[in-house]
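Remarks on the structure that follows.
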DNA sequence: TATGAATGAGAATTCATTCAT
DNA sequence: GATGAATGAATTCTCATTCAT
């Protein structure tokens with residue numbers, strides 16, 4: 001009863017505490033890694049805090065020191081994912097290979113492959129009841145915008161609108177990266193994908209505009 | 001149709017008991033409906049047996065009468081889904097509208113929309129660690145085969161191989177049914193989808209073969 | 001996340017479930033007894049659910065079957081206390097000894113002694129931050145009203161207002177029942193208390209009106 | 001509470017460490033203040049060491065520097081309360097207003113009001129299982145003795161025994177200070193209380209001796 | 001068969017206390 | 001001394017499953 005009073009007075013929602021020491025920073029990092037791996041493997045509901053702590057080589061108390069709630073851990077993971085996406089795109093933009101459609105296609109496929117586990121984890125954290133999930137939309141916009149910029153870098157004569165449309169298609173195609181490996185002959189398919197992409201940068205799709 | 005391989009070793013594997021009377025059949029049906037709804041809403045792990053029984057207006061004991069295990073309930077649900085898919089396809093095949101590509105396209109989109117919730121529930125039951133999940137593959141094959149047949153019915157000059165390929169693409173396109181509604185202007189997009197489908201039945205995609 | 005959605009949709013506040021079978025009724029009774037004893041001994045915060053279940057000879061699951069929350073258990077306890085108070089007062093009113101001031105005094109002292117543990121437990125459940133606690137006021141009013149009636153029964157010439165005032169004083173004096181035993185010579189003091197009470201029914205206190 | 005008993009056997013009982021410097025003294029003071037406030041608000045069990053440190057603007061490590069145990073902190077708080085009571089009484093004794101019964105009554109009421117929070121905190125630290133708690137008795141005796149002296153100072157013709165008796169009654173009346181404010185018209189009641197007190201110093205209660 | 005109750009392992013979370021820097 | 005991190009036993013609460021009537 002008294003706890004609730006405190007809460008009503010200050011509405012002390014739990015927040016992930018930021019580490020202040022180097023040791024803490026490392027701990028948080030490894031906890032996030034462990035969580036990402038387990039969420040990706042088993043989904044959000046099936047992943048226990050105990051398992052996360054164990055996998056990270058931390059005590060359960062240590063985990064709760066930084067993430068007072070499983071949901072908060074999930075949120076942190078999604079933020080980190082967004083940050084990683086941004087960083088990877090920045091790195092890609094600085095890579096000179098990206099000046100050609102083929103190079104850009106290869107770079108994007110590589111980027112997606114590198115984000116595979118983290119993306120799976122992040123998807124496991126989406127509330128399936130809420131398709132307009134704010135964070136999800138945010139990452140989508142981030143990618144669309146940045147990819148459009150990359151396309152204009154690789155194919156300078158593209159105007160802004162066209163680039164935006166092609167970015168949407170590109171993103172859809174890129175999602176296939178995560179479905180192909182389940183199939184036979186992934187290498188061949190990956191080649192095909194790179195090919196489609198490279199073409200998509202310069203030539204509009206014939207079937208009309210695809211959104212989402 | 002489905003054979004349970006596991007049955008070989010164990011002495012007394014629990015099996016979903018079949019109801020003896022009409023009343024029992026109805027109860028089982030409503031239990032499955034409740035389970036489908038809840039699995040679709042909250043996922044497998046987050047759905048409790050108590051909640052299922054409650055939603056079905058049954059007691060927990062009654063639920064366990066028919067489904068001695070949560071997993072067994074999930075299995076029954078997947079089987080029922082497969083059965084429903086089969087029935088829906090049969091019904092579609094008998095619908096004379098399907099003699100034209102446009103009619104078939106419309107029919108398939110309708111079919112997918114009708115299976116929406118059940119499909120979501122079934123997907124929630126897939127072990128994400130096992131992408132080769134037997135049951136999943138079985139349903140996929142069922143759909144591919146049946147859709148190929150429908151295509152040949154609507155476009156009689158198609159040969160078997162071509163029909164098979166187009167069925168694969170068709171299936172991919174059909175999955176979009178479940179993504180579009182989240183977007184703006186669903187009606188417009190649904191039209192577009194029907195259009196793409198109708199074309200896919202007669203004309204191969206230019207960008208190469210898509211698998212899975 | 002899905003759980004919260006459910007909650008937001010139906011605001012499913014947990015409620016103490018009422019037993020539907022005889023066995024359950026007994027269980028609930030013994031759980032409440034155990035809880036009363038432990039709350040009285042150790043206070044609300046220091047009493048664990050495990051300890052309550054153990055003392056009642058029930059499993060922890062059984063406890064939670066009926067009281068999904070410790071707070072709910074506390075609430076049920078307070079309700080039961082109020083009910084017991086009411087019943088005890090009714091019984092006292094029907095006791096013919098109460099037709100005289102002395103008899104009434106003795107009866108009230110007896111009544112208080114019988115409620116001792118339960119009262120201690122109930123007091124341990126009051127949120128000390130909230131002096132206007134609704135339940136507490138309710139019991140106080142119940143007692144004031146009923147005692148006033150008893151006084152008019154014992155001393156018929158008393159008018160309603162006077163009886164009400166004397167009931168307030170009576171209640172204050174009665175609280176001493178629970179402090180005296182800690183002192184030396186409880187029997188002597190109990191006699192004195194009975195004496196004061198009997199006098200309080202007929203004669204106003206000289207020092208002015210005491211409220212609360 | 002049983003755990004704390006075990007400690008009696010151990011070799012090195014932790015003791016509250018005394019601060020060496022002025023800065024330390026201030027820190028200890030603010031820690032005690034924070035603890036008093038929180039114990040008073042939420043009770044002993046519900047108050048966490050972390051919360052205390054936070055409220056005092058200190059780190060948890062710092063808190064443990066001075067109070068190696070929560071119990072030790074509680075003990076220190078009770079000692080400080082006793083000390084404050086003594087100081088307040090000394091100050092009161094030196095106040096010339098106390099030469100008259102009315103002045104003394106006012107002074108005592110004032111004194112009680114000033115100790116309100118600290119008293120609430122101290123009460124929250126009493127083990128409810130042990131009504132003969134040593135510390136509690138000690139404070140009670142301190143107050144009885146000092147108040148008796150004050151009474152003889154205000155009403156010089158009182159003999160020692162009578163003064164002692166009246167001190168007991170005075171103390172009981174003074175406890176009302178902490179109950180009255182919850183009622184309607186606190187100012188009026190406070191006046192009445194002062195009045196009763198002033199009379200109690202010179203005139204014996206008619207109803208007999210009240211103890212405790 | 002139907003139904004409510006019983007069970008207990010397991011999960012999330014808390015918190016006093018200890019450590020290392 | 002001061003500070004943040006580490007620890008893990010203890011606590012609340014959940015839920016699949018089994019029992020008894």
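Residue numbers (full-length UniProt numbering), protein chains in the order written: chain A, 1 to 212; chain B, 1 to 212; chain C, 1 to 212; chain D, 1 to 212.
Ideal Cβ placement from N, Cα and C applies to all residues, glycine included.
- prompt: Among D/114, D/202, D/56, which has the Cα closest to the Cα of residue 81 of chain D?
  reply: The count along the fourth chain starts at 1 and reaches residue 81 of chain D at position 81. Checked all of D/114, D/202, D/56; the closest Cα to residue 81 of chain D is D/114.
- prompt: Ends of the alpha helix (DSSP H) at residue 91 of chain A?
  reply: Locating residue 91 of chain A in the first chain gives position 91, counting from the first residue. Run containing residue 91 of chain A: 70-94, per the alpha helix (DSSP H) assignment.
field: the stretch 35-53 of chain C / the stretch 16-25 of chain C touching (three or more Cβ pairs under 8 Å)
entry: no
query: What did DSSP end up calling residue 195 of chain D once you bin it into helix, strand or coil?
result: Taking the first residue of the fourth chain as 1, we reach residue 195 of chain D at position 195. Of the three classes helix, strand and coil, the one that applies to residue 195 of chain D here is helix, per DSSP.
query: Which of helix, strand or coil does DSSP assign to residue 33 of chain A?
result: Sequence index remark: in the first chain, residue 33 of chain A carries index 33 (1-based). In this structure, residue 33 of chain A counts as helix in the three-state DSSP scheme.
- request: Check whether the Cβ atoms of residue 92 of chain D and residue 98 of chain D lie closer than 8 Å to each other.
  value: Counting from 1 along the fourth chain, the entry for residue 92 of chain D is found at position 92. Counting from 1 along the fourth chain, the entry for residue 98 of chain D is found at position 98. Yes, Cβ-Cβ distance for residue 92 of chain D and residue 98 of chain D is below 8 Å.
query: Got a sec: is the Cβ-Cβ distance from residue 45 of chain A to anything in chain B below 8 Å?
result: Position 45 of the first chain holds residue 45 of chain A. Residue 45 of chain A counts as touching chain B.
query: Among C/157, C/150, C/178, which residue has its Cα nearest to the Cα of residue 168 of chain C?
result: The residue given as residue 168 of chain C occupies position 168 in the third chain. Comparing Cα positions, the closest option is C/150.
query: Tell me which same chain residues have a C-beta within less than 7 Å of the C-beta of residue 201 of chain D, skipping the five on either side of it?
result: Numbered from 1 along the fourth chain, position 201 holds the residue referred to as residue 201 of chain D. 101, 104, 151, 154, 155, 166.
- prompt: Under the rule that 16 or more other beta-carbon atoms within 10 Å means buried, what is residue 141 of chain C, buried or exposed?
  reply: Position 141 of the third chain, counting from 1, holds the residue named residue 141 of chain C. The residue is exposed, with fewer than 16 neighbouring Cβ atoms inside 10 Å.
message: Taking the straight line between their C-alpha atoms, what separation do you get for residue 195 of chain C and residue 175 of chain C?
response: Position 195 of the third chain, counted from the first residue, corresponds to residue 195 of chain C. Position 175 of the third chain, counted from the first residue, corresponds to residue 175 of chain C. Rounded to the nearest angstrom, the two C-alpha atoms are 15 Å apart.
query: Does DSSP classify residue 28 of chain A as helix, strand or coil?
result: Mapped onto the first chain, residue 28 of chain A falls at position 28. Helix.
query: Candidates D/135, D/29, D/191: which alpha carbon is nearest residue 107 of chain D's?
result: Along the fourth chain, one-based indexing puts residue 107 of chain D at 107. Nearest C-alpha to residue 107 of chain D: D/191.
query: What's the gap between the Cα of residue 87 of chain C and the Cα of residue 135 of chain C?
result: Here residue 87 of chain C corresponds to residue number 87 of the third chain, with the count starting at 1. Here residue 135 of chain C corresponds to residue number 135 of the third chain, with the count starting at 1. Roughly 17 Å separates the two Cα atoms.
message: Mapping the DSSP letters down to three states, classify residue 66 of chain C as helix, strand or coil.
response: One-based indexing of the third chain puts residue 66 of chain C at position 66. Helix.
Contacts around residue 44 of chain B, its chain only, beta-carbon distance under 7 Å, and the 5 residues preceding and following it disregarded: Within the second chain, numbered from 1, the residue matching residue 44 of chain B stands at position 44. 74, 124, 125.
message: Please classify residue 15 of chain C as buried or exposed, where buried requires at least 16 neighbouring CB atoms within 10 angstroms.
response: The residue given as residue 15 of chain C occupies position 15 in the third chain. Residue 15 of chain C is exposed by the Cβ-count criterion.
- prompt: At what residues does the alpha helix (DSSP H) containing residue 14 of chain C begin and finish?
  reply: The count along the third chain starts at 1 and reaches residue 14 of chain C at position 14. From DSSP, residue 14 of chain C is part of no alpha helix (DSSP H); its letter is neither H nor E.
query: Run through DSSP, which three-state label would residue 103 of chain B get?
result: Position 103 of the second chain, counted from the start, is the residue given in the question as residue 103 of chain B. The answer is helix: DSSP assigns residue 103 of chain B an H, G or I state.
message: On the DSSP letters alone, give me the boundaries of the alpha helix (DSSP H) that residue 162 of chain C sits inside.
response: Stepping through the third chain from its first residue, residue 162 of chain C is reached at position 162. Residues 160-175.
- prompt: residue 150 of chain C lies in the alpha helix (DSSP H); which residues open and close that run?
  reply: Numbered from its first residue, the third chain carries residue 150 of chain C at position 150. 134-154 is the span of the alpha helix (DSSP H), which, as asked, contains residue 150 of chain C.
Span of the alpha helix (DSSP H), counted from its first residue to its last, around residue 21 of chain D: For the purposes of this step, residue 21 of chain D is taken as the residue at position 21 of the fourth chain. From DSSP, residue 21 of chain D is part of no alpha helix (DSSP H); its letter is neither H nor E.
query: Going by other Cβ atoms of all chains shown within 10 Å of its Cβ, with 16 needed for buried, is residue 48 of chain D buried or exposed?
result: Walking along the fourth chain from the start, residue 48 of chain D turns up at place 48. Per the 10 Å Cβ criterion, exposed.
query: Using the C-alpha atoms, what's the distance from residue 40 of chain D back to residue 120 of chain D?
result: Working through the fourth chain from its first residue, we reach residue 120 of chain D at position 120. Working through the fourth chain from its first residue, we reach residue 40 of chain D at position 40. Going by the C-alpha atoms only, they are around 5 Å apart.
- request: Can you say whether residue 78 of chain A is buried or exposed, counting buried as having 16 or more other CB atoms within 10 angstroms of its CB?
  value: As a first step, residue 78 of chain A is located in the first chain; it is residue number 78 there, counting from the start. When all chains shown are included, residue 78 of chain A counts as buried.
query: Alpha carbon to alpha carbon, what distance is there between residue 66 of chain A and residue 170 of chain A?
result: Translated into the one-based positions of the first chain, residue 170 of chain A becomes position 170. Translated into the one-based positions of the first chain, residue 66 of chain A becomes position 66. Taking the straight line joining both Cα atoms gives about 38 Å.
query: Ordered along the chain, which non-local residues of its own chain (more than five positions away) have a Cβ less than 8 Å from that of residue 138 of chain C?
result: Working through the third chain from its first residue, we reach residue 138 of chain C at position 138. Answer for residue 138 of chain C: 82, listed in chain order.
- prompt: Around the C-beta of residue 147 of chain A, are 16 or more other C-beta atoms found within 10 angstroms, so that it is buried, or is it exposed?
  reply: One-based indexing of the first chain puts residue 147 of chain A at position 147. Per the 10 Å Cβ criterion, buried.
Beta-carbon proximity list for residue 17 of chain D, same chain, < 6 Å, skipping 5 on both sides: Numbered from its first residue, the fourth chain carries residue 17 of chain D at position 17. Closer than 6 Å at the Cβ level, and outside the excluded window around residue 17 of chain D, lie 66.
field: For residue 200 of chain B, the three-state DSSP class (helix, strand or coil)
entry: Numbered from its first residue, the second chain carries residue 200 of chain B at position 200. Helix at residue 200 of chain B.
Whole-Å CB distance - residue 109 of chain C paired with residue 28 of chain C, under 8 Å assumed: Taking the third chain and counting its residues from 1, the one referred to as residue 109 of chain C is at position 109. Taking the third chain and counting its residues from 1, the one referred to as residue 28 of chain C is at position 28. Not a contact, Cβ separation roughly 31 Å.
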